[in-house]
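Notes for the one structure printed next.
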Amino acid sequence: MMDLSDVPALSSPPWLSIPGIPNLRQPLSTFPLLRCAAPTALFTPSSHARLAATGVSHIFDLRSTSEITALSAEQPIPPPIVGITRTHVPVHTAAVAHDAAAHWRRILSGDLVTGSINMLEEGRGGGAFAPIFRAVERGEGVVVHCTLGKDRTGVICALLLKLAGWTDEAVAEDYMLTELGMGVGGLRDMLEKRLLEMEAVKELPDDMRAAGVQAVLGAKKETMLTILERLEGMGGAEKYAQSCGFTTEEVERMGRNLRGET
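In our numbering, the protein residues as written are 457 to 718.
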């Protein structure tokens, strides 16, 4: 079992150090799949060049429009980067945005797994994941991020890593690394402050609010293993990608690209 005290320093693989991109890592050595939190105001032109040098062609932003607006000071949308296309692919449905209080009440009560499992349906039904699959199928490197780079990012990366042939254990251990990444650069503190300022969170009982916020900012192995169990019940990553509109041949090509096979 992985011990977070034993993982590599954040300056060595799988971590990448680019100013202004918190929680940035590249799980695969065979394909430019980068996962991170939303870029911050420190994401400068010199950082743009370093990101482009990783070989990525796309940035996929999984956040909702309301999140982007609320966090525009801390996590502004970066300016255009030569050679990299940014695409907004929000995962959460309109129903979640409409009843944010209920959404956060469920999550902060400790039910993180339900929310993450729902992302499998939201990412498919809302079309958020299909453009990411398409880029990978074409062999085009991608950066995927939400706000923390944890749950929405974790779900799509889990799908891609499963297509690459990773075991459930390896995928869950990659998810765990997010706790370490969130502790750098004030990301965790910023999000904790923002959560506590949300009206939906203020309405909760004190004990639920405090414990729930800490749970939201965690990335437990068991959470990802439960998501992967549900994914297996849906037929696995291959069947999931096919349900997003891809042929068997295209899904197989995704796997080969991710594994670096010609």
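Backbone N, C-alpha and C fix where the C-beta goes; we use that ideal spot for every residue, glycine too.
These numbers were taken from a predicted model, which means no experiment stands behind them.
Which whole-angstrom value is the C-beta distance of E694 and V707, which I expect to be below 8 Å?
-> 5 Å
Cβ shell of A508 (< 8 Å), same chain only, five flanking positions each side left out = Short of 8 Å from the beta carbon of A508, and not among the five residues preceding or following it, lie these beta carbons of its own chain, in chain order: I537, V538, G539, I540.
CA-CA distance, R665 and K649?
-> 12 Å
Secondary structure of C613, DSSP reduced to three states | In the structure shown, C613 sits in a helix (DSSP, three-state: H, G or I).
Inter-residue Cα distance where the pair is K677 and A671 = Cα to Cα, the separation comes out at about 13 Å.
Assign H554 to one of two classes, buried (16 or more other C-beta atoms within 10 Å of its C-beta) or exposed (fewer than that).
-> The pLDDT assigned to H554 is 45, lower than 50, so where the model puts this residue is not dependable; a value taken from the coordinates is nonetheless given after this. Counting Cβ neighbours within 10 Å, H554 comes out exposed, since fewer than 16 surround it.
Top-ranked residue by Cα proximity to S528, from E635, T603, I515 | T603
Measure the C-alpha to C-alpha separation of L484 and G701 and round it to an integer number of angstroms.
-> 25 Å
Determine the direct distance from the alpha carbon of T679 to that of E625, and round the result to whole angstroms.
-> Computed Cα separation, rounded: 12 Å.
Are there 16 or more other CB atoms within 10 angstroms of the CB of K606, so buried, or fewer, so exposed?
-> buried
For G595 and P488, the rounded distance between their alpha carbons | 9 Å
Nonlocal neighbours in the same chain, by C-beta distance under 6 Å from W471, ignoring five residues either side | R481
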